[in-house]
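Undergrad: I have a structure I would like to understand better, so I am pasting it below and will then ask my questions one at a time.
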Amino acid sequence: MKFLATAAALLLSFNATAAEPGTSPWGPKDEIGRLNLVTPASSAAVLARIKGGRAYDLSVDYFVGMPSWQAAGDPPYLMWMTHTPHGNVLSDPMETGKAMNQHVSYSGSAISMYTHMGTHIDALPHFGLNGKIWNGFKASEHLGDRGWKVAGAEKLPPIVARGVLIDVAAAKGVDMLPDNYRVTGKDLADALARQKVALQKGDVVLIRTGRMQHFEKAQAFMQNPPGMGLDAARFLVEQHGAMVVGADNLSFESFPSEAKDNYIPVHTYLLAEHGVPIMELVNLEELARDKVYEFAFIGASLKLRGADAAPMRPIALPLR
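Residues -18 to -1, 1 to 302 in mature numbering (1 follows the signal peptide of the UniProt record, and there is no 0) are what the sequence shown lists, from first letter to last.
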């Protein structure tokens, strides 16, 4: 794809800069960054405001042919049957006999996939700088053959926090932002003003570009997506104290890169420099349709030990 070629060109002209992973204010052993802001008190405060009624599912389906990073060499989503009712009658793998297999129908399946597919959360090791990740952990010391020994996806706690939808597409008066559109801090501020919502420290902030409308067509979804720029990331993190950020596209940030010395600067800024996990492929269409801009965000990812990302199925509960 075009942005992959651009990334390769940037790597050829790379010159190291002074950017380095951030040092955690929660101490030298911290592995979860801003998720330390999730506390029993903060979770209880948001749960006490739940309006009741509908729960919004913010996840997408997994299916063969779904959008993936296959063009970058990563495995696609695959599913195959390991057991079928008729196959069990023929092969009797459980050694229960033909009559029993005809009576009891048994189906089993297996899957294989890249961790950065479907609705997922990037753990802090996903991108680092100069051989180090958040809090200065070195790959040479903490990355083994079977994953990271620190800061893996299994360390991410369940997240119960205030969530905010920023519908940039609606604020621009369009169903979907144009290809390659780079969202700015002003775009976010304008959308928040339109929605009459203010961000707070510790929020889970989810940004709608409208790209999710192409999700069922992988090529259209992947080709030249809109996304966040560094200015938008700084607006969320430095000005408003966002704890987790996410969007409805596969890459969160826009391509080609706006930085000559970094092919994916928003990821390194968030994950490595500021300890902010990133959610991608978040389904925000129903929240946007119902104009639910403030909600209790509840989500937990799979505890994939040592992984740099994990699938999750978050929900949103409107607040009063």
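Every residue gets a Cβ at the ideal spot worked out from N, C-alpha and C, and that includes glycine. Keep in mind that this is a model prediction, so the values were computed, not measured.
1. Please report the distance separating the alpha-carbon of His65 from that of Tyr88.
2. When you compare only the Cα positions, how much space is there between Gly257 and Ala135?
3. Between which two residues does the alpha helix (DSSP H) containing Met82 stretch?
4. Rounded to whole angstroms, what's the CA-CA distance from Arg295 to Asn112? Just pull it up for me.
5. Tell me the DSSP bridge mates of Asn244?
6. Less than 8 Å between the beta carbons of Leu130 and Asp290, yes or no?
7. Taking buried to mean at least 16 other C-beta atoms within 10 Å of its own C-beta, is Leu212 buried or exposed?
8. Quick one: give me the first and last residue of the beta strand (DSSP E) that Leu174 is part of.
9. Three or more C-beta pairs closer than 8 Å, one from the stretch 131 to 150 and one from the stretch 177 to 195: is that the case here?
10. Only counting the same chain, and skipping five residues up and downstream in sequence, which positions put a Cβ closer than 8 Å to that of Ile246?
11. Between the Cα of Val186 and the Cα atoms of Gly281, Lys114 and Arg216, which residue gives the shortest distance?
12. Once the 5 residues before and after Ala224 are set aside, which same chain residues still bring their CB inside 6 Å of it?
13. Would Met210 and Val165 qualify as a contact pair, given that the criterion is a beta-carbon distance under 8 Å?
14. Thinking C-beta only, is Glu267 closer than 8 Å to Met194?
15. Please report the residue range of the alpha helix (DSSP H) in which Pro67 lies.
16. Three or more C-beta pairs under 8 Å: does that hold for the stretch 77 to 87 against the stretch 46 to 64?
17. Note down, in chain order, each residue of its chain lying with its Cβ closer than 6 Å to the Cβ of Ala153, except the 5 sequence neighbours on either side.
18. Just to confirm, are Asp243 and Arg190 a CB contact at a threshold of 8 Å?
19. How should Pro293 be labelled, buried or exposed, when 16 other C-beta atoms within 10 angstroms of its C-beta is the threshold for buried?
TA: Quick look at the numbers:
1. 7 Å
2. 13 Å
3. Lys80 to His85
4. 33 Å
5. Ala241
6. Looking at the sequence itself, residue 130 is Trp, so the reference to Leu does not match. Contact flag set, yes.
7. buried
8. Per DSSP, Leu174 belongs to no beta strand (DSSP E); it is in the alpha helix (DSSP H), Gly167 to Gln177.
9. yes
10. Ala(-12), Phe109, Glu235 and Ser239
11. Gly281
12. Asp185, Val187 and Leu218
13. yes
14. yes
15. Pro67 to Ser73
16. no
17. Asp172, Ala173 and Arg176
18. no
19. buried
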